[in-house]
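Just so you know, the sequences run in chain order D and A.
Quick note on the working numbering: the first sequence kicks off at 1 and runs consecutively.
Quick note on the working numbering: the second sequence kicks off at 201 and runs consecutively.
All C-beta atoms, glycine included, are put in the ideal place defined by N, C-alpha and C.
None of these values were measured; they are calculated from a predicted model.
Presented below is the structure to which this report refers.
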Amino acid sequence: MASGFPRQEVVLDGAMSAGWAEALSLDPALEREFEARVTDSSTLAFRVALGVLRRREEAEDVAQEAFLRAHRSFAAIRDRDRFRAWLVRTAFRLALDRIRGERRRARREDAVALEAGRHAGSVEDEAARGELRMRVAEAVAALPEKLRLVTVLVAIEEQDLDSVARLLELPVGTVKSRLFRARKELAERLRWLVHDTKAH
Amino acid sequence: MACARHKSALSDVAAGAPVAAELEAHLASCEGCREELRSLEQTLAVADDDLSRLLLAEPSPALVARIRSAVAESVEATPGWRLGWGFVVTASVAAVIVATVLVAQRGPRPEPPATVADRAPAHETPRATPAPETVVLESAHRSPPVESQPRVPSRARAQRPREPEILVPAGEAEGLLRFAASLRRRSVTPDSLLVADLSAPLTEPTVREIPPLEIVPLDPNEGSGAE
Numbered sequence: 001m002a003s004g005f006p007r008q009e010v011v012l013d014g015a016m017s018a019g020w021a022e023a024l025s026l027d028p029a030l031e032r033e034f035e036a037r038v039t040d041s042s043t044l045a046f047r048v049a050l051g052v053l054r055r056r057e058e059a060e061d062v063a064q065e066a067f068l069r070a071h072r073s074f075a076a077i078r079d080r081d082r083f084r085a086w087l088v089r090t091a092f093r094l095a096l097d098r099i100r101g102e103r104r105r106a107r108r109e110d111a112v113a114l115e116a117g118r119h120a121g122s123v124e125d126e127a128a129r130g131e132l133r134m135r136v137a138e139a140v141a142a143l144p145e146k147l148r149l150v151t152v153l154v155a156i157e158e159q160d161l162d163s164v165a166r167l168l169e170l171p172v173g174t175v176k177s178r179l180f181r182a183r184k185e186l187a188e189r190l191r192w193l194v195h196d197t198k199a200h
Numbered sequence: 201m202a203c204a205r206h207k208s209a210l211s212d213v214a215a216g217a218p219v220a221a222e223l224e225a226h227l228a229s230c231e232g233c234r235e236e237l238r239s240l241e242q243t244l245a246v247a248d249d250d251l252s253r254l255l256l257a258e259p260s261p262a263l264v265a266r267i268r269s270a271v272a273e274s275v276e277a278t279p280g281w282r283l284g285w286g287f288v289v290t291a292s293v294a295a296v297i298v299a300t301v302l303v304a305q306r307g308p309r310p311e312p313p314a315t316v317a318d319r320a321p322a323h324e325t326p327r328a329t330p331a332p333e334t335v336v337l338e339s340a341h342r343s344p345p346v347e348s349q350p351r352v353p354s355r356a357r358a359q360r361p362r363e364p365e366i367l368v369p370a371g372e373a374e375g376l377l378r379f380a381a382s383l384r385r386r387s388v389t390p391d392s393l394l395v396a397d398l399s400a401p402l403t404e405p406t407v408r409e410i411p412p413l414e415i416v417p418l419d420p421n422e423g424s425g426a427e
């Protein structure tokens, strides 16, 4: 498979030139593996970032940045499972940093709704559902980081807790426990919303 | 009153916990709590539905190409950065070497009076002689020079008594220290030196009688009176 990344070489005068050139060249085997990881895992990084940011463009920016960082230390994380775990953590952290970095709450609220709801209903129902989704998104965003990451990954991995455990490099029991705590906390946070909705 | 007691349990059940018998009995008789549980479950279902939409989200087809391009640009921009840091690292190493040489040229360090943290087998005990020097080979048990032993927990290590002080004849301390250092470097192995059974009790040395030489005076006439 031809490599998509340029092989870099440095030409220096003197006896050290060979050593420097060798040190600065990228290993072609690593290049190929990295390219395979990009194809294989870019959607994962994008979705993790989207789970936090809820804006496609910014999620793609974060995915790109995560892969740039991964490339710098790829030799240490070339194993597929390890790479994906590293990528998830990095994408999540970058997305959180981005959220914290920006202080424009209005923009965030505009972008909360992802797509039109699946459930057909009246205009009032849809409006209420949209409001509910917004509150749900806020409740998810307010979860502690560990619980939030588990919640996002469980959704991305289609409730496959083993897969989430591998991604987080944690025991399945820990994932289950965190998921339960996340859902309980979500339920507690949304309890007022239930009463509010019923009042209308 | 009973409803307030079960409030937290309702969240647990909505989050997926099994329903306890007591709560089940309460729910059977309390329409309000049943309704609240139903609402909580519906709300969490909305949350699940919202998150599951992430599964439907696909990045734009250009994302992979965009990542490739960004990585390629980053790689092209790297050499100068790496070279710059390379020179910084090289200069730092050179400075350390020069400093080391300068310190070394000031002359040997005064020998510590008694303690040397070098490696040597603890059983290497030279004979005591008058005016001995004391050498403490305290790290022999820490890392034996030849055989690797299981690591000792630091607490257990701290409880160990110090190695016995070894008395060596005056002027021979340096030789012993060099020997210990050679063991540490493994240029000499105890196997090649120790042939005795160290576990056997020491026996008294046998005294060998050496008869004095008989000195016979030379006969001045011998060899000249044959004629």
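Put simply, of 212/A, 208/A, 243/A the residue whose alpha carbon is nearest the alpha carbon of residue 140/D is 243/A.
Pairing residue 34/D with residue 258/A, the inter-Cα distance amounts to about 21 angstroms.
One thing to note: residue 52/D has its Cβ no nearer than 9 angstroms to the Cβ of residue 88/D. Less than 9 angstroms divides the Cβ of residue 78/D from the Cβ of residue 30/D.
Taking 9 angstroms as the CB threshold, residue 236/A lines the interface with chain D. For residue 183/D, the chain A residues whose C-beta falls within less than 7 angstroms of its own C-beta are 215, 216, 244, listed in chain order. Contact of residue 156/D with chain A is assigned, a C-beta pair being separated by under 9 angstroms. Using a CB distance cut-off of 9 angstroms, residue 42/D counts as an interface residue toward chain A.
The beta-carbon of residue 388/A is placed no less than 9 angstroms from the nearest beta-carbon of chain D. Between residue 71/D and residue 271/A, the C-beta gap is smaller than 9 angstroms, which places the two residues in contact.
Nearest C-alpha to residue 251/A among 167/D, 133/D, 168/D: 133/D. Chain-ordered, the chain D residues with CB closer than 7 angstroms to the CB of residue 263/A read 42, 46, 60, 63.
Contacts with chain A (Cβ-Cβ distance below 7 angstroms) from the stretch 64-96 of chain D involve 64, 67, 68, 71, listed in chain order. Sequence-distant partners of residue 75/D (beyond 5 residues in either direction) whose C-beta falls short of 7 angstroms from its own C-beta, in its chain, are 30.
Excluding residues up to 5 positions away in sequence, 153, 154, 157, 175 lie with their Cβ nearer than 6 angstroms to the Cβ of residue 164/D in the same chain. Under the Cβ criterion of 9 angstroms, residue 385/A is not counted among the residues facing chain D.
Residues of chain D with a Cβ closer than 8 angstroms to the Cβ of residue 209/A do not exist, since the nearest Cβ in that chain sits about 10 angstroms away. If the five residues before and after residue 238/A are omitted, its C-beta is found closer than 6 angstroms to no C-beta atom of its own chain. Here residue 227/A carries a helix assignment [DSSP, helix/strand/coil].
The alpha-carbon of residue 383/A is positioned some 31 angstroms away from that of residue 406/A. Boundaries of the alpha helix (DSSP H) harbouring residue 28/D: 28-53, taken from the DSSP string.
Taking C-beta separations shorter than 7 angstroms and ignoring five residues to either side along the sequence, the partners of residue 185/D in its chain run 143, 147, following chain order. Here the C-alpha atom of residue 234/A lies approximately 11 angstroms from the C-alpha atom of residue 206/A. If you keep only unbroken alpha helix (DSSP H) runs of at least 4 residues inside the stretch 153-180 of chain D, you get 161-168.
Buried is the label assigned to residue 90/D, since at least 16 other Cβ atoms lie within 10 Å of its Cβ.
For residue 292/A, not one C-beta of chain D is nearer than 9 angstroms to its own C-beta. Residue 366/A sits in a strand when the DSSP states are folded into three classes. By the rule that beta-carbons nearer than 9 angstroms mark a contact, residue 378/A does not touch chain D. Residue 271/A reaches chain D at 5, 67, 68, 71, counting residues in chain order whose Cβ is nearer than 7 angstroms. Taking C-alpha positions only, residue 159/D is separated from residue 248/A by approximately 10 angstroms. Only residues of its own chain outside the window of five on either side were considered, and among them 237, 240, 241, 244 have a CB closer than 7 angstroms to the CB of residue 214/A, listed in chain order.
Taking a C-beta distance under 9 angstroms as the contact criterion, residue 63/D and residue 223/A do not qualify as a contact pair. Neighbours of residue 127/D across chain A, judged by C-beta separation under 7 angstroms, do not exist; the nearest C-beta is about 14 angstroms away.
Between residue 42/D and residue 267/A the beta-carbon gap is near 6 angstroms, inside 8 angstroms, which marks them as a contact. Residue environment for residue 65/D: buried (at least 16 other C-beta atoms within 10 angstroms of its C-beta).
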